[in-house]
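One structure is given here, and the rest of the page talks about it.
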């Protein structure tokens, strides 16, 4: 584990990543960086130079030279105008970046979405990749574009004010510059320190993930019932406590190192310059008598400014090196090449499908989920796929839809390897209902048609809803098909029950212009009558089209033209219902078992 | 309504005090350390800038005993070293670790409270918004508030020490400073309020944009998104929400930043960079009442005071009043009333007793139609009860009421002769094992997922898994971690396997009543058959209520209730209902006929 960190740690080039991050922000909205630059320069030059040094220097100059009060007032007026002007500039630049930052959020999120949609499903099951995705979104959640732009602007602004201050000190007595030199070392120390902090934070990542997970389980509705009716809360709290304890241990471990770095940093950045200046000034006052009171005051103020600027540079540098790691993840995420590569042939219709000696093994699995699977489906056939839990049915569907690519063998569609087809057009010919169907917090019609609907399309949606048996419910709502699902955002939204949601996702299939329907347990949450009607409409709506469905309700398998029985990743039987019953194998056994439950009387006899 | 809300509000300082006290209770060392740190961070350097510099300049101007300057420099060096040393030790060794512990202490409280909340709270968007805001901002609150308090204390001490020095030089300086602060600081409160408003508005818009962000991020939706061309619509909706955030930002910017601009220009520029130096210059150049050393000391001192007063009244007030409002929400949340209240008595687990449901009606908040209408039924001990009926008939709601996830609008539920509202919620729920339709697995190990408790009996967990038909061999047995949330070696289960783990919970829990909502939805025929058998054998000594659409599972139930539109329309044993030839018989035949004549 530790070695992985080490390796990872070395792979994060600071400069490259920060430039990447800034460029991404710049491309999204230039006002962000520009706003920050103006903002920071106006702010810091004003605070660290104009107000702190120049002002005092000018006024003391007049006092030292016994100038007139009129001259003094004039100087004050000049500063007044200058300061108000700087404030106004500041106000405007602040406005620029405040608006820009949300704009950047929007645009970069769009980029992330586009990338996410193009990713392999496998990525979602790979924790290492998912982590990258998480960090890429963290970049946005924590406004790192904002902070990175701020950091770069602050560094530039600090360098400018540093130059101005050094110029002032040089004009008074260049010897004081020697005392400022150690401040430069602060920078080096801070870089080392930031590496330690980074390593420490990285070690805490898993614990922080646990903390976030616990928080999520507390506030998401999904978990609320299980939390309330069981004692799982105490289990989670133990995990929570362990994560905290482990973090405390890590913080303790790194404490000594950070203590030393802080000590050295203060020594160079504060102690030597400040005390040195006092000592040198004292020496000049007492022995050489070459220092004026006003020059002494200005030098002291300058030391303060130098300290501030160098600290600011170092801190911002540290901030950026922390960001670099997140930007790195975002870059890797955006640069990620899907394993399921897009083909070039447009897929227009469906004629035939053939699995040829297909093997498939999940990346983390020890043995294949599908072994030597071969079968053929022609246009217009209705196929039922049955088998016990874990036989590989859903996996087979995932391969067909190219959520994964086969490990060995090939899948031919219209005689051509499905890898040759353009992904979007390939998936376009399929309509699918998944076991873990999901609907969106959009209107009912939008959930079906997948875009904003005109009247014609609403009619279409209505027909699909009728076929799937949920129209009665939808038509009873005041807004009918325009009702938004879930109450999450709309007070008059509708929360549908499990069965209604399932009917809705079946309606989405019906509304789609598909050639080949794939349904994975489409009736698991339906009541008997709804289930019966759903299969009836499925058969009638899909007339002439090809259908592949997975069902544990073997009564529905009876409706198919052909049944494929999977067992342990292999096809063990294939044929019509009657043929398989005659064969007296796995299928018959399952069918008899299920049928017997409906036959209490017989069993009792 | 609004008036009532106002009355319950606390003042800003009461809120801050409340939170600091809370932190102090969890970690006194952290709070005291912050105070000391604040003082050491602010006071010595500034005081040196005023007193030290004045002393040196005065010594130089007097021209006597110049070596005194070296002593002064020595003392300054000592003070700087000592104050820094404390800071390093505190920050690197104590502060980080203690903050982590405080985060734990604070969230433990919040989470325990969150768990007590009514299920209903999740249906109320306003409350839910606040709820999320409170929980998510708790670590923010610690961080910000402690930093703020640290600076606040430091600046107050600084103010007094430098103020007294300045008073000895020229009291008029102090008058000028206080005048400008007095005129412009009331704006801070207004700024704080606006910032809080912005935050609340933003939460609302962000929640919407976060939802769409989540769709792309979560594994749950990835298949739907890939198979349907819905992503353009989702992205459009995201953009609408994001656009609202931008607009909100723009709207508030104009108000907030213009106020800041007025305030800063007034105090910092007009007050401290113009009027004050004008007076000091007048004293030195015209009146000759101040020396150069005094000018520098007064000038530095005035700026120190100016910046600390500026901080105390302008920044701190704005931030404090924003934080104060967050803490108000936090307090509101901790005090939040819940409807599902504990009764006086403790329910006993024991053996199953009679469950009586009397004239029960229930309407979800915000709905006009009741979901349950006047339901009455009696469940005798050890009975196996099946609830069947159309989707949306109210079956799940009925079980929710039995578990007291909601309380009835009318009527009551009586267990063992006692209204369930008369016993404590925990002891009541502890009598039940419930497997929900939308059960969740947790990122814990298998044993914990089955027992739903940290202490579990391994042998019994294994037996429960056997009963539910979970046949999968796991590397580390019951200690195998589920899900990959934090463990890369975590095991991902299929839908059917997950359901079996959930069902095993019911077998494991030692309690008289079991509620199962669609336990076999994801199971294959063999698993379903085995489950039915195991259910009858293993729960012989329990009362079981189950909801099922698979009427083969209801055949063996002692009593079947058929529900439609919130009412019970038929009840009886399988044979009785088949004889009645009503809805149940129709449903049953529909499912069964496909199995007949097909063999």
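Protein chains in written order, with this note's numbering: chain A, 55 to 659; chain B, 31 to 629.
Every residue gets a Cβ at the ideal spot worked out from N, C-alpha and C, and that includes glycine.
Computed from a predicted structure; not experimentally measured.
Residues of chain A with a Cβ closer than 8 Å to the Cβ of residue 451 of chain B do not exist; the shortest Cβ-Cβ separation is about 16 Å. Listed in chain order, the non-local C-beta contacts of residue 239 of chain A below 6 Å within the same chain comprise 322, local neighbours out to five positions each way being set aside. Under the criterion of beta carbons closer than 8 Å, residue 604 of chain A and residue 448 of chain A qualify as touching, at roughly 7 Å. In this structure, residue 384 of chain A and residue 189 of chain A form a Cβ contact; the two beta carbons are roughly 7 Å apart against a cut-off of 8 Å. Look at the region 93-112 of chain A: the residues with a C-beta under 8 Å from a C-beta of chain B are 105, 109, 110. Scanning its chain for C-beta atoms nearer than 8 Å, with the 5 sequence neighbours on each side dropped, one finds around residue 286 of chain B the residues 221, 224, 225, 228, in chain order. By the criterion of a C-beta distance shorter than 8 Å, residue 343 of chain B is surrounded in its chain by 211, 215, 218, once the five residues flanking it on both sides are discounted. In the structure shown, the three-state DSSP call for residue 587 of chain B is coil. Boundaries of the alpha helix (DSSP H) harbouring residue 214 of chain A: 198-226, taken from the DSSP string.
Of B/295, B/347, B/451, the smallest CA-CA separation from residue 371 of chain B is found for B/451.
By the Cβ-count criterion, residue 69 of chain A is exposed, with fewer than 16 other Cβ atoms from all chains shown falling within 10 Å of its own Cβ.
Listed as beta-bridge partners of residue 594 of chain B by DSSP are B/597.
In the three-state DSSP reduction, residue 504 of chain A falls in the coil class, being neither helix nor strand. Taking one beta carbon from each stretch, the region 320-336 of chain A and the region 103-122 of chain B have 3 or more pairs nearer than 8 Å; the two touch. Considering only A/94, A/350, A/620, the residue with the shortest C-alpha distance to residue 79 of chain B is A/350. Residues of the region 278-299 of chain A with a C-beta atom less than 8 Å from some C-beta of chain B are 278, 279, 280, 281, 282, 283, 284, 285, 286, 287, 288, 289, 290, 291, 292, 293, 294, 295, 298, listed in chain order. Taken atom to atom, the span from the alpha-carbon of residue 43 of chain B to that of residue 323 of chain B is near 40 Å. With distances taken between CA atoms, residue 414 of chain B lies nearest to B/382 out of B/382, B/267, B/390, B/391. Contacts with chain B at 9 Å (Cβ-Cβ) include residue 328 of chain A. The continuous stretches of alpha helix (DSSP H) do not include residue 423 of chain B, and DSSP gives it neither H nor E. Around the beta carbon of residue 163 of chain A, a 10 Å sphere encloses 16 or more other beta carbons of the protein chains shown; the residue is thus reported as buried. For residue 170 of chain A, the enclosing alpha helix (DSSP H) has its first and last residue at 123-172.
The beta carbon of residue 557 of chain B sits closer than 6 Å to those of 499, all from its chain and outside the five residues before and after it, given in chain order.
For residue 394 of chain A, the three-state secondary structure derived from DSSP is coil. Nearest neighbour of residue 311 of chain A by Cα position, chosen from A/334, A/254, A/261, turns out to be A/254.
No Cβ of chain B is located within less than 9 Å of the beta carbon of residue 246 of chain A. DSSP places residue 416 of chain A in the coil class of the three-state scheme, outside both helix and strand. As the crow flies, the alpha-carbon of residue 598 of chain B is around 27 Å from that of residue 453 of chain B. Within chain B, the C-beta atoms nearer than 8 Å to that of residue 133 of chain A come from 303, 304, in chain order. Interface with chain B (9 Å Cβ-Cβ cutoff): residue 396 of chain A is excluded. Considering only beta carbons, the part of the region 264-275 of chain A lying closer than 9 Å to chain B consists of 264, 265, 267, 268, 269, 271, 272, 273, 274, 275, in chain order. The DSSP assignment places no complete run of the beta strand (DSSP E) inside the region 177-260 of chain B (cut-off: 3 residues). Excluding five sequence positions before and after residue 568 of chain B, the CB atoms of its chain that fall closer than 8 Å to its own CB belong to 497, 537, given in chain order. Excluding sequence positions up to five before and after residue 479 of chain A, its CB lies within less than 6 Å of the CB of 400, 401, all in the same chain and listed in chain order. Scanning its chain for C-beta atoms nearer than 8 Å, with the 5 sequence neighbours on each side dropped, one finds around residue 207 of chain B the residues 301, 302, 306, 332, 335, 336, 339, in chain order.
Only exposed fits residue 396 of chain A, as fewer than 16 other CB atoms lie within 10 angstroms of its CB.
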